[in-house]
Amino acid sequence: MTYIAKPKISHPSLPKNQLGLTTRDYEGVVSTLCAGCGHDSVTAALIQAVFELDIEPHMLAKMSGIGCSSKTPAYFVSQAHGFNSVHGRMPSVTTGAYAANRDMTYVGVSGDGDSLSIGVGQFVHAIRRNLNMCYLIENNGVYGLTKGQFSASADIGSKPKKGLPNQQEPIDPASAALALGATYIARSFSGDKEQLVPLIKGAIMHSGFSLVDVISPCVTFNDHEGSTKSYAHTREFYKHVANIDYIHPSEEIKASYAEGDAMPIHLHGGDTIVLRKVDRAYDPTSRAEAFKLLRERYNAGEITTGLLYVNDERAEMHELMHNIDTPLAQLPYEGLHPGSDELRKLQSRYR
Amino acid sequence: MASINDVVIKIGTVNGTGSASANGLLRKAIFRMGVPVVGKNYFPSNIQGLPTWYEIRVTGDGYSCRSDRVDMMVAMNAQTYARDLAEVEPGGCLIYDSTWPRSRLLNRDDITIIGIPLSKMCNEHFDGARARILMKNIAYVGAIAALLDVDLEIIKSLLEETFSTKQHLIASNMEAIHLGYDHASQNFPCPLPARVEKMDATKGHIVIDGNTAAGLGCMYAGATVGAWYPITPSTSLMDAFRTFCSRYRVDPETGKRTYCIIQAEDELAAIGMVLGASWNGARSFTPTSGPGISLMSEFIGFAYYAEIPAVIFDVQRTGPSTGMPTRTQQCDLISCAYASHGDTKHVLLFPADPAECFYMSPQAFDLAERLQTPVMVLTDLDIGMNDWMIPELEWDESYVPDRGKVYDAEDLEKMEKFYRYLDVDGDGITYRTLPGVHPKGAYFTRGSGHTKLGAYTEDSAEYQEVVDRLLVKWETTRTMVPDAEIRYSKFNKAAILTLGSCDGACKEALDRLEQQKVGLNYCRVKAFPFTAAVREFIDQHEVVYVVEQNRDAQLRTLLINDIEADQKKLVPLLHYDGMPINAGSVVAGVLEEIAKGRAA
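In the order they appear, the protein sequences are chains A and B. When the count follows the numbering used here, it moves up by one through the first sequence with no breaks and lands on 377 for the last residue. When the count follows the numbering used here, it moves up by one through the second sequence with no breaks and lands on 601 for the last residue.
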């Protein structure tokens, strides 16, 4: 909603990126979410990430489904194209959009209802195709717009504002993505911008499906005592395992990264991320270890955050299909059909 | 029953026994003799073991619909022998495999029974269970060739074409042909009085199914993204697109493709992909059938309101629900016309045969992009999967795709600000931009209430302004869709109005009625919304027989709803048993109404 026009004032001292743009150029309309909503912090982190990555605003496609989370593409990068689709169907629209134009950057913003209930099928299959996109789940365990029903990510025992605690097994998007073969899986907390921004940058630059599951508390319906998705609960139990620094291709990799707890990972596009392990023994390039970690820490009541798994070897969707490098939508028509003579010839088999 | 080039052969077999290629061989051989043919496949929703029939109508007059009789039954399936026997027209004949004594078989003395020991002969001449079964099929083709006087040289050359890379199969297949041919000629008076004779009526024609023609049409239309979920009877459309693309759309050096076919997880995803691709400027389509339309409905409404092009082929099958997946109907007219919740209506095209499937494919993309809305091409199983004789397809080299009103980078550069839903030209069609082209082109695509500027709204006047403008677009659409085919036999007050695959049956019925001194005018609608000519046509007549293949007279409902046609004039003539409509049922329907006192 755009009831309030946002004043467009740039402070001259604001830092500029390589395109000469400031963060103000990456902003959207004023958010209509509740004051204190975790999603607004995620929006701010996204703005910071695309600003720092020097992404041309119009080369960014903001994709979403339905729900509080899915409203947020209106709140960042007004000069990017946005597609607010139907409930749970953002992955298919993004798949088609990416099929038509592989040159653009695709950021999908979804929620736990949109991705883990109504849209769980599309979430699963976007991962299987290794769709080259950054897929953010703003995860708050609750349906906000319909006033407080549990979502599929609600933990067992988590208490609603009214009624009985949840008794059903939660779906953890990170574990699910790991099982399905996602090639970049991160988790963070809307209240930890320092960790979140580099994780989003890595996700955007990763070639293939990147999931960033962000615990993003709902201040109105799920921030009370007894909720396992509240600010207080998340702050108390979340733990970093492996954070990253995103290294722009123009930057040098600092010597300190070569130490035992830091590991540079070179991405397809020439970028590098440097992994800073908090847990020295953890290897996020091992799917089996990621499984073990997620399960063990979950059982211990912890919320594991950071870059949980990365695999930069697997081919993304277009590579898997051997598609031409030029965006399909930009191919000149002349080359797309073999002409009238060939039509005559190919019909010989129907005579 | 002496007749030349007017005979219907029906072959009853068990599905999964490889009879399709044998039946195709026979159909092609007759066609190569210059004689028009119609090939209809009546198959079960099953992979192996259930009854299946292939019907070849040899029609020197060049009619295109299913016949309403069987002159020669080839009863290869013991399960269906009794009903196959009963179906033969008096004076006709029945061929069966006389390898085993069939003392308990029903018999008829008004037809000729021809027993040929097909299994015995094939067991003696061929090794291997599979080869024996396949050759048995070829052997009955040989027998039919003798009985109907089909040219053996043509059969041989067809086999040579088919097995050009497997030479040894030519000899063995010809051996099987001769087994049947020789046995029939030695034991029965060949040819029969009803037989085939060379003529020159197939020159410049091909025999093809509608799904193949539509797949070819999509390639020629320049489609680059196809998303789909397999569903009978539409599957072979994407198969055909894939086949043509793998031949013409792969760079021979790099092996890279200029097309992207995505097998979606379901129809909801398939249409979502089409919308994403179209939004980004690719020509994109999805083939499906009725159940798929039900699943796609939410997105179809989204595309209507957010104004995104999409091409959807609905190869209709028998409903409701799962219905009879391998039987035909025109039962999705209303569900397609008004797919999705809220006030929505959609552009429909109704091809009558594979030729129109081909030509309407680029037309569908042009309309979808010009109108920025979903366009649904409604074929059916009869058109999509059966073999139709059509004039050879031609391509107009001057064709340029109509990409509609799209501002490019240059346009945007000159512009102060772009607004997505402004009716600049007054025709209800607004200008769009493609993502990634220019920073000024950015806008927010949404299915929620929006203003003409593209902003979110919950304001009554702003909301209504946009949905009212969509009605202006609807009236523009009416002037752009293909016009109806209209024929006047003479000045009279009664007419037939129909659509799609009813065309052949109706035209044959008009001929037959003419012979009975009942002259009717004819209108075949090719699109929804209906053009001004359709309204005018209805206005000119006192009685309009609306012929369609569904129970609820859906076309009639659309006429009443869309152009306020006088419902008292519109007499429904309905055929909806799942088999393709034939001329006989149309003739009977009209005569019955006339007998009741309706004007002719």
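The beta carbon of each residue, even a glycine, is placed where N, CA and C say it ideally should be.
Interface residues of chain A facing residue i [CB-CB closer than 7 Å]
i, result
"cysteine 261 (chain B)", "Ala125, Met347, Asn349 and Leu354"
"proline 440 (chain B)", "Pro83, His84 and Gln105"
"glutamine 230 (chain B)", "Contrary to the premise, residue 230 (chain B) reads as tyrosine rather than glutamine in this sequence. Within chain A, no residue comes near tyrosine 230 (chain B); the closest Cβ sits about 11 Å away, beyond 7 Å."
"glycine 1 (chain B)", "Limits of chain B in this structure are 2 at one end and 601 at the other, which puts residue 1 (chain B) out of reach."
"isoleucine 209 (chain B)", "Tyr376"
Member of the options whose CA lies at the smallest distance from the CA of residue i
i, options, result
"lysine 11 (chain B)", "B:Tyr339, B:Val59, B:Leu238 and B:Thr259", "B:Val59"
"glycine 590 (chain B)", "B:Ile561, B:Cys507, B:Phe531 and B:Asp567", "B:Cys507"
"isoleucine 112 (chain B)", "B:Ala130, B:Ser120, B:Ser295 and B:Ile96", "B:Ile96"
"glycine 505 (chain B)", "B:Leu394, B:Lys494 and B:Tyr523", "B:Tyr523"
"valine 226 (chain B)", "B:Ile313, B:Lys570, B:Leu574 and B:Glu161", "B:Ile313"
"alanine 270 (chain B)", "A:Ser111, A:Asp80, A:Gly62 and A:Cys60", "A:Ser111"
"aspartate 344 (chain B)", "B:Asp383, B:Ser298 and B:Ile156", "B:Ser298"
"glutamine 550 (chain B)", "B:Gly598, B:Thr499, B:Lys415 and B:Asp563", "B:Thr499"
"methionine 160 (chain A)", "A:Glu53, A:Ser90, A:Ile197 and A:Gly183", "Here residue 160 (chain A) turns out to be cysteine, not methionine, going by the sequence shown. That would be A:Ser90, whose Cα lies nearest to the Cα of cysteine 160 (chain A)."
"arginine 84 (chain B)", "B:Pro52, B:Cys66 and B:Pro102", "B:Pro52"
"histidine 439 (chain B)", "A:Ala125, A:Lys219, A:His107 and A:Asn158", "A:His107"
"valine 245 (chain A)", "A:Tyr210, A:Leu206 and A:Tyr169", "A:Tyr169"
"alanine 307 (chain B)", "B:Val15, B:Gly448, B:Met274 and B:Asp7", "B:Gly448"
"alanine 87 (chain B)", "B:Val71, B:Gly63 and B:Glu370", "B:Val71"
"serine 586 (chain B)", "B:Phe531, B:Arg536, B:Ala510 and B:Ala554", "B:Ala510"
"isoleucine 230 (chain A)", "A:Ile211, A:Gly54, A:Lys173 and A:Ser256", "A:Ile211"
"leucine 350 (chain B)", "B:Leu334, B:Ser341 and B:Val38", "B:Leu334"
Residue-level contact to chain A via CB, residue i, 9 Å cutoff
i, result
"alanine 21 (chain B)", "no"
"alanine 270 (chain B)", "yes"
"arginine 67 (chain B)", "no"
"asparagine 124 (chain B)", "no"
"glycine 448 (chain B)", "yes"
"phenylalanine 314 (chain B)", "no"
"tyrosine 221 (chain B)", "yes"
"tyrosine 97 (chain B)", "no"
"serine 502 (chain B)", "no"
"serine 461 (chain B)", "no"
"aspartate 397 (chain B)", "yes"
Below-9 Å beta-carbon distance, residue i vs any chain B residue
i, result
"methionine 130 (chain A)", "yes"
"threonine 28 (chain A)", "At threonine 28 (chain A), the pLDDT of 44 sits below 50, so the modelled position is not reliable and the matter cannot be decided from this model."
"serine 312 (chain A)", "no"
"glycine 174 (chain A)", "no"
"histidine 294 (chain A)", "no"
"histidine 151 (chain A)", "yes"
"serine 39 (chain A)", "no"
"glycine 65 (chain A)", "Note that residue 65 (chain A) corresponds to histidine in the displayed sequence, not to glycine. Not closer than 9 Å to any Cβ of chain B, the Cβ of histidine 65 (chain A) fails to qualify, so no."
"threonine 209 (chain A)", "no"
Burial state of residue i, where buried means 16 or more other Cβ atoms lie within 10 Å
i, result
"serine 179 (chain A)", "buried"
"glycine 361 (chain A)", "exposed"
"proline 275 (chain A)", "exposed"
"histidine 292 (chain A)", "exposed"
"methionine 74 (chain B)", "buried"
"aspartate 381 (chain B)", "buried"
"alanine 281 (chain A)", "With a pLDDT of 47 at alanine 281 (chain A), under the threshold of 50, the modelled position of this residue cannot be trusted; read the value that follows with caution. Alanine 281 (chain A) should be labelled exposed."
"valine 425 (chain B)", "exposed"
"asparagine 108 (chain B)", "exposed"
Under 8 Å from the C-beta of residue i: neighbouring residues of chain A
i, result
"phenylalanine 303 (chain B)", "Ser111 and Val112"
"phenylalanine 366 (chain B)", "The premise fails here: phenylalanine 366 (chain B) is roughly 11 Å from chain A at the closest Cβ pair, so nothing lies under 8 Å."
Listed by chain order, chain B residues near residue i by CB distance under 8 Å
i, result
"glutamine 148 (chain A)", "Glu266, Leu269, Ala270 and Gly273"
Proximity test, residue i beta-carbon vs the ligand NAP heavy atom, cut-off 8 Å
i, result
"glycine 429 (chain B)", "By its list of ligands, the structure shown contains no ligand whatsoever, and the ligand NAP lies outside what it can speak to."
Chain-ordered neighbours of residue i on chain B, where CB pairs are closer than 7 Å
i, result
"proline 364 (chain A)", "Tyr249"
"tyrosine 359 (chain A)", "Gly223 and Pro402"
Contact list for residue i against chain A, beta-carbon separation under 9 Å
i, result
"glutamate 299 (chain B)", "Val112, His113 and Arg115"
Next item on the list: Mind listing, in chain order, the continuous beta strand (DSSP E) runs of no fewer than 3 residues lying wholly within the region 198-231 of chain A?
Entry: With a minimum length of 3 residues, the continuous beta strand (DSSP E) runs that stay inside the region 198-231 of chain A are 210-215.
Notebook entry, point to check: Which parts of the region 54-98 of chain B are runs of the alpha helix (DSSP H), unbroken and 4 residues or longer, counting only runs that do not cross its ends?
Noted result: Counting whole runs of 4 or more residues, the region 54-98 of chain B contains the alpha helix (DSSP H) stretches 82-88.
Next item on the list: Would you mind listing the alpha helix (DSSP H) stretches within the region 356-401 of chain B that are 4+ residues and don't spill past its ends, in chain order?
Entry: Segments of the alpha helix (DSSP H) lying fully in the region 356-401 of chain B: 382-386.
Next item on the list: Go through the region 427-514 of chain B residue by residue and report every complete run of the beta strand (DSSP E) that reaches 3 residues or more, in order.
Entry: List check, beta strand (DSSP E) in window: 445-447, 486-488 and 495-500.
Notebook entry, point to check: At which residue ranges does the region 129-168 of chain A contain complete alpha helix (DSSP H) runs of 4 or more residues, listed in the order of the chain?
Noted result: Scanning the region 129-168 of chain A for uninterrupted alpha helix (DSSP H) segments of 4 residues or longer gives 138-142 and 146-154, listed from N- to C-terminal end.
Note to self: Please give the ranges of any beta strand (DSSP E) in the region 284-334 of chain B, keeping only runs that are unbroken, at least 3 residues long and fully inside the region.
What the structure shows: Entirely contained in the region 284-334 of chain B, the beta strand (DSSP E) runs reaching 3 residues are, in chain order, 285-289 and 311-317.
Notebook entry, point to check: Which ranges would you report for the alpha helix (DSSP H) in the region 86-172 of chain B if only whole runs of at least 4 residues count?
Noted result: Listed in chain order, the complete alpha helix (DSSP H) runs (minimum 4 residues) inside the region 86-172 of chain B are 119-126, 130-149 and 153-163.
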